[in-house]
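Notes follow once the structure below has been shown.
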Amino acid sequence: MNDAPLLLVLDEGTTSTRAIAFDLGGGIVAQAGHALTQRYPQPGWVEHDAAEIWNHSLAALKAVVGEVGAGRIAAIGITNQRETIVFWDRATGEPLAPAIVWQDRRSADLCDRLRAEGREPAVQATTGLLLDPYFSATKIAWALENWPQVRSAADAGSLALGTVDCYLRYRLTGGRVHATDATNASRMLLMNLATCQWDEGLIDLFGIPRSALPTISDCAGDLGSTTLLGGNIAITGSIGDQQAAAVGQACLQPGMAKATYGTGIFVLAHSGATPPVSAHRLLATVAWRIAGQATYAVEGSIFIGGAAVQWLRDGLGIITASAETEALAASVPDSGGVVLIPAFAGMGAPHWRADVRGLLTGLSGGTTRAHIARATLEAMGQQTADLLDALAADGVVAAKLRVDGGMVANDWMCQDIADTLGVPVERPRVIETTALGAAMCAGVGAGLFADLTAAAAMAQPDRVFAPAITTDARGVRRENWAHAVRQALTQ
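Going by UniProt numbering, the sequence shown opens with residue 1, and the numbers climb by one from there.
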C-alpha cells in the first residue's frame, strides 16, 4: 500500500470549488469538486451563497481524503477567488448575507465619489490598488450601508468578515482562526502594501469596524489545523489564486510573468522585494509572504476571459461546449473583420472603466458563428497584449509568458496568444497551477521543502508555442483591436 505523503489543496474558484491531492513530485493523485451557483440579482451584481461554498468545499475535501486516506495527508493548502467578501456571525460561523463576488460592480458610485474627492492617489500610494468596485473594501462599505443584518452584527460586535480563504480557514478550524494571508489582504483596499498591516486611515475612510477584520498571516507556516477530515491535519499554506498560479509556474525571479486564463484573465509579473509603483494603472500586490518577508508583483486584471466563451454557450447558444471553440476558430482563416470587446463587467486593466460595456463589431452578412468564436478567442490574446504593453511601459519586460488555467488546454488559443504577443508562450505539464502553487506553499509551511525554489521541482513545463506570424501582420491585428477598444470606450 502506498503511504507516501500528499499535499491536499482546497482550490475555491469563482465557478467551482475543488479538492486536489498532490504527491511531492507535483502529480495529481486524486481530486473532487462541485460547481458553484452564480447569482445575478441585478445587472452588474454577482453573488455567491457562502454556505454553499463551505458545504461544497468540505464535501470535496472529504471525498479526496476518503479516496487516499487521512493518514497520507501531510498538510492542507488553500487557494481562492480573491476580493470576494464574506460576512458571517462570529459565534456560529453562519453567513449573514450573500458573498459579494469580485466581479460585482454595485459599489461603482462610491468609487466614483471617492475618486471625485481626489482620494485615489493616496489610496494607490498606500495599497498599490485603484478605486474600483473590484476590491473588497468598497463592497464591505456597501453591505454595511445596505444590509441591516450586517450593520446590526457590526454594531453588536458579532460581525466577522474576510475573503473566501479567511472564511474557509475559520470554518475548518472551528472558529479558532480568523486570519487571512498577506496576498488576499493586499486585495482588500485596506492593507498598507509596505508593512502588510491594516491601514487605520483606510479603515476609517470606508467605515469598517476594526473588530470585524481578520489578522494577516504568512502564506506558509502554522496557519491552523482541522479535525473535520479525520485526525488533526495542519493547514500550512494559504495564497490567493493568481499569486498561487505564479508560484505554481515557478515565477520566482524578478521579470518572470504568468497569465491565468479562467473566468477572467490575470497577468502577474514578479517585481522583487520592494513594493512596485505603476505609472500605467497596473496594480501592485503581494506575490507571497513567507517567514515575514514579502515578495511583490505587478498585476493586470481582466474581468472577462473564459466567461466570454461561457456567453457564447449560455447566452448566444452558438456552441454547446467550450471545447468547440478550438475547431471553430481553426475552421476560418481569420475573424472576417469581427472584433469582440468582452467588457461584460466593465473594463479592467489598464483602462479601469466600470461604465464600459461589451462591443461586437465588424459584422457582415457573411459573418458565421465560427467568425464570432474566433474573435472571442482572439480577444484573450489581445487583452493580454494590452497588459504586457503596460508592463513594459512600467519597466517590466517579459521575454516569455507562462500560461495556465482551464482555457489553455486550447492549443489554437495558446498559439494565437504567442502570435499576438510576439513572445514564446509556455504551458505547464499540470495546468492546475493555481492548486499546485498552494501545494508548494503548504509543502514549505510543513517543512517538506526548504523554500519555494526547492518546491519548484513540483512544476514541470509541457509545451512552448513560438510566434508564427510576421511583425506586420501582428501590427495590423493590434491596430484593429485598438480601434475597437476606442469605440467601446466612447460608445
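Quick reminder that beta carbons are idealized off the backbone N, C-alpha and C, glycines included. This structure is a prediction, so every number in the text was calculated from the model and none was measured.
Item                                                                                                                            : Value
Same chain, Cβ closer than 7 Å to residue 131, five either side skipped, listed in chain order                                  : 111, 114, 115, 119, 120 and 123
Inside the stretch 305-354 only - alpha helix (DSSP H) runs reaching at least 4 residues                                        : 306-310 and 324-330
Best match in 262, 459 and 109 for proximity to residue 27 [C-alpha to C-alpha]                                                 : 459
Helix, strand or coil at residue 303 [DSSP, three-state]                                                                        : coil
Residue 424 versus 444, 403 and 410, residue with shortest Cα-Cα distance                                                       : 403
Cut-off 8 Å between Cβ atoms - residues of its own chain near residue 333, not counting five sequence neighbours on either side : none
Reduced DSSP category for residue 134 - H, G, I as helix; E, B as strand; rest coil                                             : coil
Within the stretch 1-49, ranges of the beta strand (DSSP E) (whole runs, at least 3 residues)                                   : 6-12, 16-22 and 28-35
Proximal residues to residue 158 (C-beta, below 8 Å), its chain only, five neighbours per side dropped                          : 89, 90 and 91
For residue 486, the first and last residue of its enclosing beta strand (DSSP E)                                               : Counting along the chain, residue 486 falls outside any beta strand (DSSP E), though it belongs to the alpha helix (DSSP H) covering 471-490.
Best match in 98, 82 and 490 for proximity to residue 241 [C-alpha to C-alpha]                                                  : 82
First through last residue of the beta strand (DSSP E) which encompasses residue 270                                            : 265-272
Buried versus exposed, by CB contacts within 10 Å (16 or more), residue 152                                                     : exposed
Three-state class that DSSP yields for residue 101 in the structure shown                                                       : coil
C-beta contact flag for residue 388 and residue 246 at 9 Å                                                                      : no
Close Cβ partners of residue 335 (< 7 Å) along its chain, the five nearest in sequence each way excluded                        : 371, 374, 375 and 378
Contact set for residue 390: own chain, Cβ-Cβ below 6 Å, skip 5 residues either direction                                       : 280, 282 and 350
The stretch 437-452 contacting the stretch 469-484, beta-carbon criterion three pairs below 8 Å                                 : no
Exposed unless 16 or more other CB atoms sit within 10 angstroms - verdict on residue 306                                       : buried
Under 9 Å between C-beta atoms of residue 50 and residue 98                                                                     : yes
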